[in-house]
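For reference, the structure discussed in these notes is given below.
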Amino acid sequence: MKSALLDIPIDIVETIVENAFGWLVVVDNKGKIIYINKNYCEFLEVEREKVIGVHVSKVIENSRMHIVAATGKEEVADLQYIKGNYMIANRIPILSNGQVVGAFGTVFFRDTREWMKMNSHVKSMLTKIQSYIQDIDRSVKYSLDDLLGKSKEIEGLKGKVKMIAASDISVLIRGESGTGKELFAHSIHQLSNRSHQPFVKINCGAIPENLLESELFGYEEGAFTGAKKGGKKGKFQLADGGTLFLDEIGDMPLNMQVKLLRVIQEGEIESIGSTESVSVDVRIIAATNRPLEKMMEEKRFREDLFYRINVVPFTIPPLRERMDDIPVLLDYFIKKITKKSGKRISFFEDEVLERFTQYSWPGNIRELENVIEASVHLTNNEVISLDSLPDYLKESSVFPVGSKKLKEILEETEKRVLIQSLNKFNDDKLEAAKALGISKSSMYEKLKKYGIFNL
Ligand SMILES: Nc1ncnc2c1ncn2[C@@H]1O[C@H](COP(=O)(O)OP(=O)(O)OP(=O)(O)O)[C@@H](O)[C@H]1O
């Protein structure tokens, strides 16, 4: 087959060979140099004419070109020490009619400084990308307009958000799970002067105790075994200038509560492994569904921290106490879910609305959204009827007066609540007992009484 190179004038081929590979050397099968480009000669401080025909080992320090030419085994990205620098060399055997007739060698990165430069360039690009990703995570998703509800409770809370957002005071948002605590936190940040700065969230209950400190305050390189190279920024540093949302603060271990209080009071953090303090300017919004007053009595939550974060108490009532919000929420969720699923649902039957207002919604708005989503999938018509509801909602939770004695009604309700809590906590009786505010032994007694789990 005719070589494509034959059509290229020789001076062009020479320019390419001279420049395309940085440094290039070609040896015959005895290891003698048959070609070396100008750049390489300049670096080696040799004259080209004088080194042609000379054994490569006499011209290039630590060369292995003659070995490759003898063995026919290529060597790629090999470190080679020449004139005080480590080079990255590629050595490739040249075959003709199945025979090794020589080898050529190239050096792409002329020294490790160049390599390091490229390495740090890649690293800095990665850091930039990471900070963009963090920016995306940090952006708040919700504003006050996303907080739906016509009840006077929600209207009142929205008014309060407008009043307190601009100041830097700490806010403690309380409310059952799924009542919209995070949504309110977003809205406060969005209306504040810090809205163009980061909003950083940390779930104090979801992070193992031993990791919480490094998550909050960061660590220096080499602070402990397994610490990342270059260290890691903590949430306080990431939130600098903006808002730090401490979700589930009631689940924070006591020793961390002490450290957190100190940081909030002093406005300075010391990352793990560092001896220097760094100032941080962070607004704290905390949230919890735990009974902090009771926990303070039991010495499980520090009073000083409570008073420091509870500057503006903010309690979101459970959905069952603001049933007026249900129609507007239904309207919103049905539009959102049908848009996603492509199903056309025009309305809810009256009985469904009635059932919704009678139900206690322990999972609050999150549960309402899930129920609507499930119902949309469970219906074949354009209407959501009782039949489209998840089983536990099909059973009526109302007891027409006279149909049952109060004791029976209470017991049936108690049994249903126990089952719901166990479902929620994946049958973890201790967690379910904690959430219901009863002791472990009382939980076992009740389970036995109602024959749950055949105890
Ligand atoms: N007033 C509201 N209007 C519209 N959507 C709401 C409202 N309140 C809550 N939601 C929705 O309900 C879900 C739960 O809200 P959010 O995560 O803020 O609750 P939370 O109280 O922080 O829950 P948890 O304590 O379990 O973390 C979210 O999908 C949120 O968008």
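Add 763 to a position in the sequence shown, counting from 1, and you land on the number used in the numbering used here. Virtual Cβ for every residue (Gly too), placed ideally from N, Cα, C. Keep in mind the model is a prediction, meaning the values are calculated, not measured.
- Task: Return the residue from the list Arg1179, Thr1120, Phe1096, Arg1129 that minimises the CA-CA distance to Val1139.
- Result: Sequence index remark: in the sequence shown, residue 1139 carries index 376 (1-based). Residue Phe1096 is the option with its Cα nearest to Val1139.
- Item | Buried versus exposed, by CB contacts within 10 Å (16 or more), Glu781 | Translated into positions along the sequence shown, residue 781 becomes position 18. Answer is exposed; the Cβ neighbour count stays below 16.
- Less than 7 angstroms between the CB of Leu954 and some heavy atom of ligand 1, yes or no? Residue 954 sits at position 191 when you count from the first residue of the sequence shown. Every heavy atom of ligand 1 is 7 angstroms or more from the Cβ of Leu954, so no.
- Ordered along the chain, which non-local residues of its own chain (more than five positions away) have a Cβ less than 7 angstroms from that of Ile1182? Counting from 1 along the sequence shown, the entry for residue 1182 is found at position 419. Cβ neighbours of Ile1182 beyond the five flanking positions: Ile1215.
- Residue range of the alpha helix (DSSP H) that Val817 falls in? Residue numbering aside, residue 817 sits at position 54 when the sequence shown is read from its first letter. Segment: none, Val817 is in no alpha helix (DSSP H) and carries neither H nor E.
- To the nearest angstrom, how far is it from the Cα of Ile936 to the Cα of Val1021? The count along the sequence shown starts at 1 and reaches residue 936 at position 173. The count along the sequence shown starts at 1 and reaches residue 1021 at position 258. Straight-line Cα distance between these residues: approximately 20 angstroms.
- In chain order, what residues of the same chain have a beta carbon less than 8 angstroms from the beta carbon of Glu1208, not counting five sequence neighbours either side? Taking the sequence shown and counting its residues from 1, one reaches residue 1208 at position 445. Closer than 8 angstroms at the Cβ level, and outside the excluded window around Glu1208, lies no residue.
- Query: Quick one: is the Cβ of Asp1010 within less than 7 angstroms of any heavy atom of ligand 1?
  - Reply: Stepping through the sequence shown from its first residue, residue 1010 is reached at position 247. Yes.
- According to DSSP, what are the bridge partners of Leu1009? Here the question's residue 1009 lines up with position 246 in the sequence shown. In DSSP, Leu1009 forms a bridge with Ile965, Ala1049.
- Task: Let me know if Lys925 comes out buried or exposed under the rule of 16 or more other beta-carbons within 10 Å of its beta-carbon.
- Result: In the sequence shown, the residue the question calls residue 925 occupies position 162. With fewer than 16 other Cβ atoms within 10 Å, it is exposed.
- Span of the alpha helix (DSSP H), counted from its first residue to its last, around Gln1121: The sequence position of residue 1121 within the sequence shown is 358, counting from 1. Segment 1113–1121, the alpha helix (DSSP H) holding Gln1121.
- Identify which residue in Val1180, Ala833, Ala852, Val831 has its Cα closest to the Cα of Trp786. To locate residue 786, count along the sequence shown from 1; it is residue 23. If we check each option's Cα against that of Trp786, Ala852 comes out closest.
- Item | Beta-carbon contacts of Ala1002 that lie in its chain and below 7 angstroms, excluding the five residues immediately before and after | Locating residue 1002 in the sequence shown gives position 239, where the first residue counts as 1. Closer than 7 angstroms at the Cβ level, and outside the excluded window around Ala1002, lie Pro961, Val963, Val1045.
- Task: Please list, in chain order, all residues of the same chain as Met888 whose beta carbon is under 7 angstroms from its beta carbon, the five residues on each side excluded.
- Result: Counted from its first residue, the sequence shown places residue 888 at position 125. Counting only Cβ-Cβ distances below 7 angstroms, and skipping sequence neighbours, we find nothing.
- Query: Quick one: Cα of Asn1217 to Cα of Ala1137, how far?
  - Reply: Locating residue 1217 in the sequence shown gives position 454, counting from the first residue. Locating residue 1137 in the sequence shown gives position 374, counting from the first residue. Its pLDDT being 49, under 50, Asn1217 is placed unreliably in this model, and the value from its coordinates should be taken loosely. Their Cα atoms are separated by approximately 30 angstroms.
- In angstroms with no decimal places, state the Cα-to-Cα distance between Val1026 and Gly985. Counting from one through the sequence shown, the residue named residue 1026 turns up at place 263. Counting from one through the sequence shown, the residue named residue 985 turns up at place 222. Looking at the two C-alpha atoms, the distance is approximately 23 angstroms.
- Query: Quick check: the region 1054–1066 against the region 1010–1018, are there 3 or more CB pairs under 8 angstroms?
  - Reply: yes
- Message: If you reduce the DSSP assignment to three classes, tell me which class Ile892 lands in.
- Response: The residue given as residue 892 occupies position 129 in the sequence shown. In this structure, Ile892 counts as helix in the three-state DSSP scheme.
- Excluding five sequence neighbours on each side, which residues of the same chain lie with their C-beta closer than 6 angstroms to the C-beta of Arg1107? Reading the sequence shown from its first residue, position 344 is the one you call residue 1107. These residues qualify, in order along the chain: Glu1145.
- Query: Tyr1122: buried (16+ other C-beta within 10 angstroms of its C-beta) or exposed?
  - Reply: Position 359 of the sequence shown holds residue 1122. Result: buried.
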